[in-house]
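S.K.:
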Amino acid sequence: MKSGGRARRSPLFGMRPACLALCLALSCNPSWAGSGDDLGALPFEQLVRREVTSGSQLARQISDSPSAVAIVTADDIRAYGYRTIAEVIGSMRGLYTTSDRRYTYMGGRGFGAPGDYTGRIMVLIDGYVTQDSLFNQAYIEESGLIDLALVERVEYVPGTGSVTYGNNAMLGIINIVTRKGSDFNTLQLSGEAGSHDTYRQRATFGKRFDNGADLLLSASSLQSQGQNLHFPAYDTPANNHGWANGIDDERNRRLFGKFSYDGFTVEAAHVERRKTVPTKPMRLAVFNTPFVIDDENSYLNASYETDLGLHLYAASRFYFGRYAYDSQRTINDPASNAQRKHRAEWWGVDQKFIGKWFANHSIMFGMEYRNDYSQYLSRSYFYPDGRIDAASSVKDSYSRNTASLYLADEYRFHERWRLNVGARYDKASDLEGNWSPRLALIYQPSFRTTLKASYSEAFRMPNADDRSFYHAGAAPEYVAAKEFVVQHDLDRQMRLTGTLYEYRRSKQQVYLGTPGHYAPIGNSLARGLELEFEARWDNGLRARSSGAWQNSSDATGLDAVNSPNVLGKLQVSAPLPGNAVRAGLEAQYLGSRLTDERRRLGGVALANLTFSSERKWHGMSASFSIRNLFDRDYEVVSPFTWAPGTGIDALRMDGRSYWFQINYDL
Amino acid sequence: MRALLLLLGFGISLAASAQVVSEHDMKAAYLYNFAHLFEWPESRRANFHICILGDEEVGAAMQGYDEKRVNGQRMVIARLSTTTPIRLCDILYVGAAEVGNLPKIRSMLGGQPTLTVADKVPLQSVAVALALENQHLMFDVNLEHCERANLKARQTVLGLARLVRKPADGEAKGNAVSR
Numbered sequence: 012m013k014s015g016g017r018a019r020r021s022p023l024f025g026m027r028p029a030c031l032a033l034c035l036a037l038s039c040n041p042s043w044a045g046s047g048d049d050l051g052a053l054p055f056e057q058l059v060r061r062e063v064t065s066g067s068q069l070a071r072q073i074s075d076s077p078s079a080v081a082i083v084t085a086d087d088i089r090a091y092g093y094r095t096i097a098e099v100i101g102s103m104r105g106l107y108t109t110s111d112r113r114y115t116y117m118g119g120r121g122f123g124a125p126g127d128y129t130g131r132i133m134v135l136i137d138g139y140v141t142q143d144s145l146f147n148q149a150y151i152e153e154s155g156l157i158d159l160a161l162v163e164r165v166e167y168v169p170g171t172g173s174v175t176y177g178n179n180a181m182l183g184i185i186n187i188v189t190r191k192g193s194d195f196n197t198l199q200l201s202g203e204a205g206s207h208d209t210y211r212q213r214a215t216f217g218k219r220f221d222n223g224a225d226l227l228l229s230a231s232s233l234q235s236q237g238q239n240l241h242f243p244a245y246d247t248p249a250n251n252h253g254w255a256n257g258i259d260d261e262r263n264r265r266l267f268g269k270f271s272y273d274g275f276t277v278e279a280a281h282v283e284r285r286k287t288v289p290t291k292p293m294r295l296a297v298f299n300t301p302f303v304i305d306d307e308n309s310y311l312n313a314s315y316e317t318d319l320g321l322h323l324y325a326a327s328r329f330y331f332g333r334y335a336y337d338s339q340r341t342i343n344d345p346a347s348n349a350q351r352k353h354r355a356e357w358w359g360v361d362q363k364f365i366g367k368w369f370a371n372h373s374i375m376f377g378m379e380y381r382n383d384y385s386q387y388l389s390r391s392y393f394y395p396d397g398r399i400d401a402a403s404s405v406k407d408s409y410s411r412n413t414a415s416l417y418l419a420d421e422y423r424f425h426e427r428w429r430l431n432v433g434a435r436y437d438k439a440s441d442l443e444g445n446w447s448p449r450l451a452l453i454y455q456p457s458f459r460t461t462l463k464a465s466y467s468e469a470f471r472m473p474n475a476d477d478r479s480f481y482h483a484g485a486a487p488e489y490v491a492a493k494e495f496v497v498q499h500d501l502d503r504q505m506r507l508t509g510t511l512y513e514y515r516r517s518k519q520q521v522y523l524g525t526p527g528h529y530a531p532i533g534n535s536l537a538r539g540l541e542l543e544f545e546a547r548w549d550n551g552l553r554a555r556s557s558g559a560w561q562n563s564s565d566a567t568g569l570d571a572v573n574s575p576n577v578l579g580k581l582q583v584s585a586p587l588p589g590n591a592v593r594a595g596l597e598a599q600y601l602g603s604r605l606t607d608e609r610r611r612l613g614g615v616a617l618a619n620l621t622f623s624s625e626r627k628w629h630g631m632s633a634s635f636s637i638r639n640l641f642d643r644d645y646e647v648v649s650p651f652t653w654a655p656g657t658g659i660d661a662l663r664m665d666g667r668s669y670w671f672q673i674n675y676d677l
Numbered sequence: 004m005r006a007l008l009l010l011l012g013f014g015i016s017l018a019a020s021a022q023v024v025s026e027h028d029m030k031a032a033y034l035y036n037f038a039h040l041f042e043w044p045e046s047r048r049a050n051f052h053i054c055i056l057g058d059e060e061v062g063a064a065m066q067g068y069d070e071k072r073v074n075g076q077r078m079v080i081a082r083l084s085t086t087t088p089i090r091l092c093d094i095l096y097v098g099a100a101e102v103g104n105l106p107k108i109r110s111m112l113g114g115q116p117t118l119t120v121a122d123k124v125p126l127q128s129v130a131v132a133l134a135l136e137n138q139h140l141m142f143d144v145n146l147e148h149c150e151r152a153n154l155k156a157r158q159t160v161l162g163l164a165r166l167v168r169k170p171a172d173g174e175a176k177g178n179a180v181s182r
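Residue numbers (our numbering), protein chains in the order written: chain R, 12 to 677; chain U, 4 to 182.
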């Protein structure tokens with residue numbers, strides 16, 4: 012035995028005199044330049060009580076992907092006062108969002124054409140694909156499934172993801188990781204108040220049990236009165252001089268629960284949102300009449316991860332999802348009451364294995380079965396006396412099941428080189444089978460530098476809405492992407508990332524000039540460059556700044572609509588004197604972009620400022636945000652042609668707004 | 004805007020003096036302490052080997068403890084790139100990049116007196132599992148693993164652990180979390 016009961020020697024005794032002298036001369040130990048003080052000299056009892064900056068090193072990507080992942084952590088969410096996934100996405104390199112006061116849509120790398128919903132990107136919550144099965148829409152504002160207070164981190168994995176996820180992962184993947192019960196370990200109550208009579212209440216209970224089980228439960232609700240909005244395109248006496256009054260309200264309710272124990276996790280979420288839409292989103296819609304939409308999304312996701320022995324690991328997953336949409340509006344037609352009622356339900360199982368049989372290979376393979384057993388779209392029109400206009404009403408019902416196989420190998424053929432080869436095969440009941448391959452080469456000349464080059468192909472099946480709209484012409488759409496990435500850590504606190512990419516899309520639907528006539532014959536191209544600098548210094552200062560330059564054309568060969576050529580982001584946050592409050596300043600530049608009528612909207616720079624408490628005070632924490640700090644008047648591209656001929660085809664966005672949040676741990 | 008930046012700049016300069024411990028520095032300090040807080044079977048080796056596999060940053064931070072003394076032995080820090088030499092390690096820290104190899108590492112080590120430490124892994128796969136929670140670096144101890152490796156944990160380490168997994172029935176003892 013090593014000498015048992017002897018008191019531990021001070022580590023200084025172990026040092027050589029020369030080193031000691033040097034340390035004294037420099038009044039710091041060169042070996043510990045990063046930590047500032049000698050942690051080794053502290054008794055362990057004191058050491059364990061020291062606070063550690065969670066990732067004072069830069070956040071590392073979880074996703075195993077040969078692209079340059081962007082990460083927003085819970086710290087960033089607090090520091091910059093993000094309230095929705097859309098705001099998180101808007102802060103990321105090369106991405107932007109567009110709101111039409113109904114939904115918020117995301118765009119980037121030539122994706123995000125108006126009317127696309129958030130359709131060609133995948134948004135995952137803890138591995139569950141959140142898109143509904145009717146429109147493939149990801150819900151990223153208040154109709155989204157998750158409260159940001161429950162989010163541990165959001166990762167954006169650019170580059171196609173069909174090799175792993177199959178259908179629809181064309182532009183990339185947004186990966187949301189939720190927090191654990193132990194991150195709260197109490198009952199937390201939260202209240203928020205913001206501009207336009209907006210309030211939110213939330214109660215979250217988290218606990219880690221002695222046996223290692225972890226439980227997180229949360230419920231929240233939001234109510235917003237909204238604003239009276241002026242739309243210059245309708246500024247006529249008959250249209251209330253362009254004012255839409257009292258029809259901008261919004262409310263939502265969210266529930267979330269997660270339980271995990273020993274590799275087993277079951278998670279469920281539900282959101283219902285009602286929004287009154289103040290715009291006139293369809294030609295027939297009547298301005299300044301209530302247009303109420305209800306979106307409801309729910310899921311259940313159960314997974315079990317285990318080590319099967321013999322260097323084989325298994326991850327099994329079952330999921331169930333449900334989406335419901337209802338809307339009511341007044342239209343300019345004898346049957347003036349237009350109602351939509353869309354419903355979808357689906358379930359699936361996924362069995363994944365990871366084999367580590369060979370020293371230099373990590374082999375992943377598995378299969379997924381998904382059953383979209385109910386896809387129901389209904390559009391009905393009623394006369395004022397309640398009779399239905401049966402001739403115009405449409406009811407469509409679809410279903411689809413998809414079986415998929417996937418296989419990928421990461422081959423470390425040299426200490427500094429890795430080859431990543433994978434493919435996924437998806438066979439849907441109504442479509443031909445499709446292969447999505449990916450090939451990537453990763454080179455790490457040093458532990459600070461990584462170079463990645465990849466080629467991948469992805470596809471998107473026509474969804475239920477496409478099938479209802481294009482009928483027999485509905486067809487899959489494809490993209491082939493090339494990407495080159497350089498990541499270099501200047502030191503453990505600073506990182507530079509550069510990306511060059513090219514996306515070639517094919518078989519896009521093209522309008523043939525007569526109503527209802529489309530053909531899947533379009534091709535388009537997007538190329539771009541993205542640069543990012545990221546730093547988290549030990550003094551608490553954090554900064555991230557990025558620029559993206561993109562050039563994209565649409566299927567007609569013209570410059571793509573709503574695709575800015577330049578995007579800039581800057582986020583700086585630091586503790587204020589006294590270290591009680593952190594200030595976070597964010598600036599975003601959205602370059603000039605074309606509207607649907609090919610008018611160019613000027614670039615706009617926006618700033619947001621947030622103050623948040625750095626630590627809890629008797630269980631209390633708070634934050635205060637100002638969005639659009641300088642009250643810039645700006646417009647975004649409207650996803651609908653809403654006032655042809657007026658020259659107004661953009662939507663004015665909100666001016667300065669305020670938001671205050673207070674949390675209390677019981 | 005300028006006033007704002009000035010304000011921020013002022014805040015930054017004042018905050019610069021704040022003491023913050025980074026995660027990898029803390030992990031290195033824990034590994035250094037574990038060398039004193041566990042008991043290894045008698046060894047005739049002159050050196051005490053702390054190996055870091057699959058985490059360059061912890062490896063770099065650990066370098067600061069090279070040549071320190073632990074109960075008469077000289078501490079040698081080895082930053083490994085493969086699992087081949089792990090049977091020579093007294094403490095083996097397995098970083099995120101190599102966590103997938105834990106079962107292989109476990110079978111390679113067998114009953115070898117090596118204290119395996121890893122971050123964010125199930126406790127059954129290592130002797131000590133680290134976890135960052137509420138800005139504190141927590142650790143759980145798996146006594147079953149320690150027993151197999153012929154290592155003894157001192158009372159100090161058991162008292163400060165968040166969770167101790169007993170050998171016989173695998174039952175876990177809860178310990179009040181720091182708040």
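Idealized CB from N, CA, C, for every residue including glycine.
Is Asn104/U close to chain C? Criterion is C-beta to C-beta, closer than 9 Å.
M.R.: Given the protein chain composition of this structure (R and U), no chain C is represented.
S.K.: Apart from the five residues just before and just after Lys71/U, which ones in its own chain have a Cβ nearer than 6 Å to its Cβ?
M.R.: Your numbering for residue 71/U matches position 68 in the second sequence. Hits under 6 Å: Met78.
S.K.: Counting only beta-carbon atoms, is Asp122/U nearer than 9 Å to chain R?
M.R.: Here the question's residue 122/U lines up with position 119 in the second sequence. Not one chain R Cβ lies under 9 Å of Asp122/U.
S.K.: Considering only DSSP beta bridges, list what Arg136/R is partnered with.
M.R.: As a first step, residue 136/R must be located in the first sequence, where it is residue number 125. According to the sequence provided, residue 136/R is Ile. The question's Arg does not apply to it. According to DSSP, Ile136/R bridges with Tyr139/R and Ile187/R.
S.K.: List the endpoints of the continuous alpha helix (DSSP H) containing Thr175/R.
M.R.: Translated into positions along the first sequence, residue 175/R becomes position 164. Here the alpha helix (DSSP H) through Thr175/R covers Ser173 to Tyr176.
S.K.: Let me know if Ser447/R comes out buried or exposed under the rule of 16 or more other beta-carbons within 10 Å of its beta-carbon.
M.R.: Counting from one through the first sequence, the residue named residue 447/R turns up at place 436. So Ser447/R counts as buried.
S.K.: Asn145/U versus chain R: which residues are under 9 Å apart at the beta carbon?
M.R.: On the second sequence, residue 145/U is found 142 positions in, with the first residue counted as 1. None at all; the shortest Cβ gap to chain R is about 12 Å.
S.K.: Between which two residues does the beta strand (DSSP E) holding Cys54/U run?
M.R.: If you number the second sequence from 1, residue 54/U lands on position 51. Run containing Cys54/U: Asn50 to Leu56, per the beta strand (DSSP E) assignment.
S.K.: Going by Cα to Cα distance, which pick from Met103/R, Pro531/R and Pro650/R is closest to Arg120/R?
M.R.: As a position in the first sequence, residue 120/R is number 109, starting the count at 1. The option with the nearest alpha carbon to Arg120/R is Met103/R.
S.K.: Helix, strand or coil for Ser408/R, going by three-state DSSP, please let me know.
M.R.: For the purposes of this step, residue 408/R is taken as residue 397 along the first sequence, with counting starting at 1. Three-state DSSP puts Ser408/R in a strand.
S.K.: Whose CA, out of Pro526/R, Thr508/R and Thr525/R, lies closest to the CA of Leu540/R?
M.R.: Reading the first sequence from its first residue, position 529 is the one you call residue 540/R. The shortest Cα separation from Leu540/R among Pro526/R, Thr508/R and Thr525/R belongs to Thr508/R.
S.K.: Going by DSSP in three states, Lys107/U sits in which element: helix, strand or coil?
M.R.: Indexing the second sequence from 1 puts residue 107/U at position 104. In the structure shown, Lys107/U sits in a helix (DSSP, three-state: H, G or I).
S.K.: At which residues does the alpha helix (DSSP H) containing Thr159/U begin and terminate?
M.R.: Here residue 159/U refers to the residue found at position 156 of the second sequence. Where Thr159/U is concerned, the enclosing alpha helix (DSSP H) stretches over Gln158 to Leu163.
S.K.: May I have the straight-line CA-CA distance separating Asn562/R from Gly118/R, to the nearest angstrom?
M.R.: Position 551 of the first sequence, counted from the first residue, corresponds to residue 562/R. Position 107 of the first sequence, counted from the first residue, corresponds to residue 118/R. In a straight line, the C-alpha of Asn562/R is about 13 Å away from that of Gly118/R.
S.K.: Three-state secondary structure (DSSP) at Lys363/R?
M.R.: Start at 1 with the first residue of the first sequence, and residue 363/R comes out as number 352. Looking at Lys363/R - three-state DSSP - the assignment turns out to be strand.
S.K.: How is the beta strand (DSSP E) around Tyr324/R delimited, first residue to last?
M.R.: Within the first sequence, residue 324/R is the residue found at index 313, counting from 1. Unbroken beta strand (DSSP E) run through Tyr324/R: Leu323 to Thr341.
S.K.: Tell me the residue span of the alpha helix (DSSP H) that contains Arg89/R.
M.R.: In the first sequence, residue 89/R corresponds to position 78, counting from 1. Ala85 to Ala90 is the span of the alpha helix (DSSP H), which, as asked, contains Arg89/R.
S.K.: By the three-class DSSP mapping on this structure, what secondary structure does Phe298/R have?
M.R.: What you label residue 298/R is simply residue 287 of the first sequence in a count that begins at 1. Coil at Phe298/R, not helix or strand.
S.K.: So, does the CB of Glu150/U fall closer than 9 Å to a CB anywhere in chain R?
M.R.: Translated into positions along the second sequence, residue 150/U becomes position 147. So, not an interface residue.
S.K.: Counting pairs of Cβ atoms below 8 Å between the stretch 484 to 493 of chain R and the stretch 452 to 470 of chain R, do you hit three or more?
M.R.: With a cut-off of 8 Å, the stretch 452 to 470 of chain R and the stretch 484 to 493 of chain R count as touching, because enough Cβ pairs lie within range.
S.K.: Residues of chain R with a CB under 7 Å from the CB of Asn36/U: which are they?
M.R.: For the purposes of this step, residue 36/U is taken as the residue at position 33 of the second sequence. Simply Phe55 and Leu58.
S.K.: Can you have a look at Asp644/R and say buried or exposed, based on whether 16 or more other CB atoms are within 10 angstroms of its CB?
M.R.: The residue labelled residue 644/R in the question sits at position 633 within the first sequence. By the 10 Å Cβ count, Asp644/R comes out exposed.
S.K.: Is the Cβ of Phe458/R closer than 9 Å to any Cβ of chain U?
M.R.: Mapped onto the first sequence, residue 458/R falls at position 447. Yes - at least one Cβ of chain U is within 9 Å of the one on Phe458/R.
S.K.: Look up Leu540/R in the DSSP assignment and give the residues it is bridged to.
M.R.: Taking the first residue of the first sequence as position 1, residue 540/R is located at position 529. Beta-bridge pairing links Leu540/R to Leu511/R and Trp560/R.
S.K.: Hey, which unbroken runs of the beta strand (DSSP E) at 3 residues or more fall wholly within the stretch 67 to 107 of chain U?
M.R.: Counting whole runs of 3 or more residues, the stretch 67 to 107 of chain U contains the beta strand (DSSP E) stretches 76 to 83 and 94 to 97.
S.K.: For the putative contact between Arg168/U and Asn145/U, defined by C-beta atoms under 8 Å, what is the C-beta separation to the nearest angstrom?
M.R.: Along the second sequence, one-based indexing puts residue 168/U at 165. Along the second sequence, one-based indexing puts residue 145/U at 142. About 5 Å; that satisfies the 8 Å criterion.
S.K.: Classify Val124/U as helix, strand or coil using the three-state DSSP reduction.
M.R.: Here residue 124/U is taken as the residue at index 121 of the second sequence, counted from 1. Looking at Val124/U - three-state DSSP - the assignment turns out to be coil, as it is neither helix nor strand.
S.K.: Could you confirm whether any beta carbon from chain U is found closer than 9 Å to the beta carbon of His322/R?
M.R.: Here residue 322/R refers to the residue found at position 311 of the first sequence. Chain U contact via Cβ: present.
S.K.: So is Trp428/R buried or exposed if we call it buried at 16+ other beta carbons inside 10 Å?
M.R.: Numbered from its first residue, the first sequence carries residue 428/R at position 417. Trp428/R comes out exposed.
S.K.: I want to know whether the stretch 228 to 242 of chain R touches the stretch 275 to 291 of chain R - three or more CB-CB distances under 8 Å.
M.R.: These segments touch.
S.K.: Does Arg161/U get closer than 9 Å to chain R when you measure Cβ to Cβ?
M.R.: For this step, residue 161/U is matched to residue 158 along the second sequence. It is Leu, not Arg, that sits at residue 161/U in the sequence shown. With 9 Å as the cut-off, Leu161/U does not count as an interface residue toward chain R.
S.K.: Could you list which residues in chain R have their beta carbon closer than 8 Å to that of Pro125/U, in chain order?
M.R.: Indexing the second sequence from 1 puts residue 125/U at position 122. Under the 8 Å cutoff, chain R gives Asp273 and Gly274.
S.K.: Going by C-alpha distance, which of Cys149/U, Thr159/U and Ala164/U is nearest Pro44/U?
M.R.: By one-based count along the second sequence, residue 44/U stands at place 41. Closest option to Pro44/U, Cα to Cα, is Cys149/U.
S.K.: Counting only Cβ pairs nearer than 7 Å, list the residues of chain U close to Asp318/R.
M.R.: Position 307 of the first sequence, counted from the start, is the residue given in the question as residue 318/R. Under the 7 Å cutoff, chain U gives Pro106.
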